[in-house]
Amino acid sequence: MTCTWCGTDPIYVEYHDKVWGRPQFDSRHLFEKLCLDGQQAGLSWITILKKQAGYEKAFANFEPSAIAKFDADKVEELMLNPDIVRNRQKINSIIKNAKAFLTFEAEHGKGSFSEFLWQFVDGKPLVNEWQSKSDVPAVTPQSEAMSKALKSLGFSFVGPTICYAFMQAVGIVNDHLVSCPAHKECIRS
């Protein structure tokens with residue numbers, strides 16, 4: 560049985576089956592996913608998933624060096640873009656996060672952001688053995704620590720719940736139910 564949270568929407572099912580929970584180690588990809596997860600604050604993930612292509616186009620394919628150059632005029636342009644969530648704080652958070660990402664990697668080396676994020680599980684996926692959706696927490700000590708560390712680096716929209724959703728999505732934790740075929744697939748990835 561597949562995890563029940565994805566329902567039957569084909570976009571959501573494909574995301575569950577091919578993306579969610581697969582360990583990701585590329586720093587730029589992790590930056591993109593962290594930004595997208597922050598956009599879901601107060602919304603459902605399916606809303607952001609359906610707008611992902613719009614975000615990629617609006618935010619220069621999540622190239623941090625390009626985003627960091629966005630100015631007030633660009634923010635106003637983005638506020639008119641129906642292909643993204645038009646929330647000024649969320650738009651500004653992506654710009655702020657790009658700057659924080661660039662500062663971190665300038666200080667610690669290219670690709671170091673991945674190592675930083677994975678340190679919260681000692682560099683390897685934390686494999687959980689959940690039996691039902693109700694077993695899965697919304698926050699863990701690891702997501703609280705990640706949130707605190709990211710905020711100290713200047714990132715925003717990275718609360719503990721967002722960080723845990725991010726950790727699940729990029730395979731830092733494997734929260735597929737044990738009855739879901741993807742649980743074993745993600746262990747092998």
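Under my numbering, think of the first position of the sequence shown as 560, with each following residue one higher.
Ideal Cβ placement from N, Cα and C applies to all residues, glycine included.
Keep in mind the model is a prediction, meaning the values are calculated, not measured.
With contact defined as three or more Cβ pairs closer than 8 Å, the segment 682-700 and the segment 603-619 are not in contact. In the pairwise beta carbon analysis, the segment 729-736 is classified as touching the segment 675-693: at least three pairs are separated by under 8 Å.
Rounded to whole angstroms, the separation of the alpha carbons of aspartate 576 and phenylalanine 716 is 26 Å. Beta-bridge partners of valine 686 (DSSP): Asn733. Assignment of aspartate 630 by DSSP, reduced to helix, strand and coil, places it in the coil class. Contact check for isoleucine 626 against alanine 657 passes: the beta carbons are separated by less than 8 Å.
Where methionine 705 is concerned, the enclosing alpha helix (DSSP H) starts and stops at 700-711. Assigned with DSSP and collapsed to three states, glutamate 622 falls in coil, not helix or strand. When DSSP states are grouped into helix, strand and coil, glycine 597 belongs to the helix group. Of the residues assessed, serine 706 falls on the buried side of the cut-off, its CB having 16 or more other CB atoms within 10 angstroms. Following the DSSP letters along the chain, one finds isoleucine 653 inside the alpha helix (DSSP H) bounded by residues 647-667. In this chain, alanine 697 is not harboured by any alpha helix (DSSP H), its DSSP state being neither H nor E. The beta carbon of glycine 670 sits closer than 7 Å to the beta carbons of Ser586 from its chain, once the five residues preceding and following it are set aside; these are given in chain order. Residue environment: methionine 726 is assigned as buried (16 or more neighbouring CB atoms within 10 Å of its CB, all protein chains considered).
Burial state of leucine 639 is exposed, judged by a 10 Å Cβ sphere holding fewer than 16 other Cβ atoms.
Valine 729 places its beta carbon 8 Å or farther from that of glutamine 598. Closest option to threonine 720, judged by alpha-carbon separation, among Thr567, Leu589, Leu593, His588: Leu593. Isoleucine 570 is not a Cβ neighbour of phenylalanine 618, given a cutoff of 8 Å.
For tryptophan 564, there is no enclosing alpha helix (DSSP H), as DSSP gives it neither H nor E. Rounded to the nearest angstrom, the Cβ distance from cysteine 745 to glycine 580 is 4 Å, consistent with a contact under 8 Å.
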